[in-house]
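K.L.:
Residue numbers (our numbering): 118 to 419.
1) For residue 201, which residues of its own chain have a beta-carbon under 8 Å away from its beta-carbon, when the five flanking residues on both sides are left out?
2) Under DSSP, the beta strand (DSSP E) around residue 186 begins and ends at which residues?
3) At which residues does the beta strand (DSSP E) containing residue 333 begin and terminate?
4) Considering residue 206, what are the terminal residues of the beta strand (DSSP E) in which it resides?
5) Please classify residue 152: is it buried, with 16 or more other beta-carbons within 10 angstroms of its beta-carbon, or exposed?
6) Give the DSSP-derived three-state secondary structure of residue 282 in the structure shown.
7) Check the DSSP bridge columns for residue 312 and list the partner residues they point to.
8) Taking the C-alpha atoms as reference points, what is the distance between residue 343 and residue 160?
9) Assign residue 224 to one of three DSSP states: helix, strand, or coil.
10) Taking the beta carbon of residue 328 as the centre, do at least 16 other beta carbons fall within 10 Å, making it buried, or is it exposed?
11) Nearest-angstrom Cα distance between residue 311 and residue 370?
12) Please report the straight-line C-alpha distance between residue 175 and residue 299, rounded to a whole angstrom.
13) Per DSSP, residue 385 forms a beta bridge with which residues?
14) Taking just the CA atoms, how far does residue 165 sit from residue 191?
15) Ignore the nearest five residues each way along the sequence and tell me which others in residue 194's own chain have a CB closer than 6 Å to its CB.
16) Mind checking if residue 328 is an interface residue toward chain C, Cβ cutoff 8 Å exclusive?
17) Could you give the distance in angstroms between the alpha-carbon of residue 188 and the alpha-carbon of residue 170?
18) Per DSSP, which residues does residue 248 bridge with? Please list them.
19) Tell me the rounded alpha-carbon separation between residue 267 and residue 249.
20) Out of 154, 367, 317, 205, point me to the one whose CA is closest to residue 180's CA.
21) Run through DSSP, which three-state label would residue 171 get?
22) Whole angstroms are fine: how far does the CA of residue 336 sit from the CA of residue 352?
23) Report the rounded CA-to-CA distance for residue 367 versus residue 349, giving the unit in angstroms.
24) State the start and end residues of the unbroken beta strand (DSSP E) segment that holds residue 351.
25) Which of helix, strand or coil does DSSP assign to residue 306?
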């Protein structure tokens, strides 16, 4: 796929749009990454009143966490380490003694089990961490307090993560839950599918087969490591854990070379584009004709 052509086409579509242009997204100096900041919660505890938990996710992908066991000890436990994305909506906080997985919902962080699934409990709300409203997303120390910087709701969830994926060559991403899986496609090079347990299959990119009577595309590939059959359906789709909305439903049938049967995974997907182009554009000239606002009934097109 020629990314230059796609980007040009994308800019052209934005320029000719006249009625539903998105709001302007602030530049990077004004917009902070949604995940960074201080998160607070009272986690369940088997032998105490609760774990008073504080997690500071820093913009250099390091973290600092504090834990206090209420009703059991006055000691404050502090740990530091690195955090990272294991999928588009799940982060891994890797401490010195343990690893925690959190689902990023935009408003909360939700503690997951070690397989990346929601913890079933009568006290599900106790696994939610809420962002400290007195801190901004970019925070270097737990004690640092700054005014909140508002982030427009039009910003796509984890847009910076998607931007990094796009710049690394990824054209299409998809994911699903229970079990958690992730698909990345670079249409010029590679298709990569992985689950959080035991499946990881990489194949060369293949040309999709489009259905004649519906907006469905099929990708079928086979290598020594396994086989992938990917069905991409143009239809609205919502992540049932994070609530993030996508434009495509995706079904992946995967089989490792040692397996006899395929395993089927269903989820949501989207095509990536350069988020730096996401803005308001004004058309001032068309085929040599200068557009003047006073000569147009409804003003300049945007």
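Think of the CB as a built atom: it goes at the ideal place given N, C-alpha and C, for glycine as much as any other residue.
A quick note: this is a predicted structure, and the numbers were derived from the prediction, not measured.
P.N.:
The relevant details are as follows:
1) Setting aside the 5 residues that flank it on each side, residue 201 is surrounded in the same chain by 178, 208, 209, 211, each with a C-beta closer than 8 Å to its C-beta; the list follows chain order.
2) Its beta strand (DSSP E) spans residues 179 to 187.
3) Here the beta strand (DSSP E) through residue 333 covers 333 to 339.
4) Per DSSP, residue 206 belongs to no beta strand (DSSP E) and is neither H nor E.
5) By the neighbour-count rule (16 or more Cβ atoms within 10 Å), residue 152 is buried.
6) DSSP places residue 282 within a helical segment (H, G or I) once states are collapsed to three.
7) According to DSSP, residue 312 shares a beta bridge with 298.
8) One C-alpha to the other measures close to 41 Å.
9) Residue 224 falls in the coil class under three-state DSSP.
10) By the neighbour-count rule (16 or more Cβ atoms within 10 Å), residue 328 is not buried but exposed.
11) Distance between the alpha carbons of residue 311 and residue 370 is about 12 Å.
12) Between the alpha carbons of residue 175 and residue 299 lies a gap of roughly 25 Å.
13) According to DSSP, residue 385 bridges with 292, 366.
14) Those two C-alpha atoms are separated by around 12 Å.
15) Excluding sequence neighbours, residue 194 sits near 184.
16) You won't find chain C in this structure, because it holds only one protein chain.
17) For residue 188 and residue 170, the distance between alpha carbons rounds to 14 Å.
18) Looking at the DSSP assignment, residue 248 forms a beta bridge with 156.
19) Only weak support is given to the placement of residue 267: the predicted model assigns it a pLDDT of 34, under 50, and the value that follows is read from those uncertain coordinates. Approximately 14 Å, taken between the alpha carbons.
20) Residue 180 has its Cα closest to that of 154, out of 154, 367, 317, 205.
21) In the structure shown, residue 171 adopts extended strand secondary structure according to DSSP, grouped into three states.
22) One alpha carbon belongs to residue 352, the other to residue 336, and they sit about 17 Å apart.
23) Each residue's alpha carbon lies about 5 Å from the other.
24) Membership of residue 351 in the beta strand (DSSP E) is indicated by the continuous run 343 to 355.
25) DSSP places residue 306 in the coil class of the three-state scheme, outside both helix and strand.
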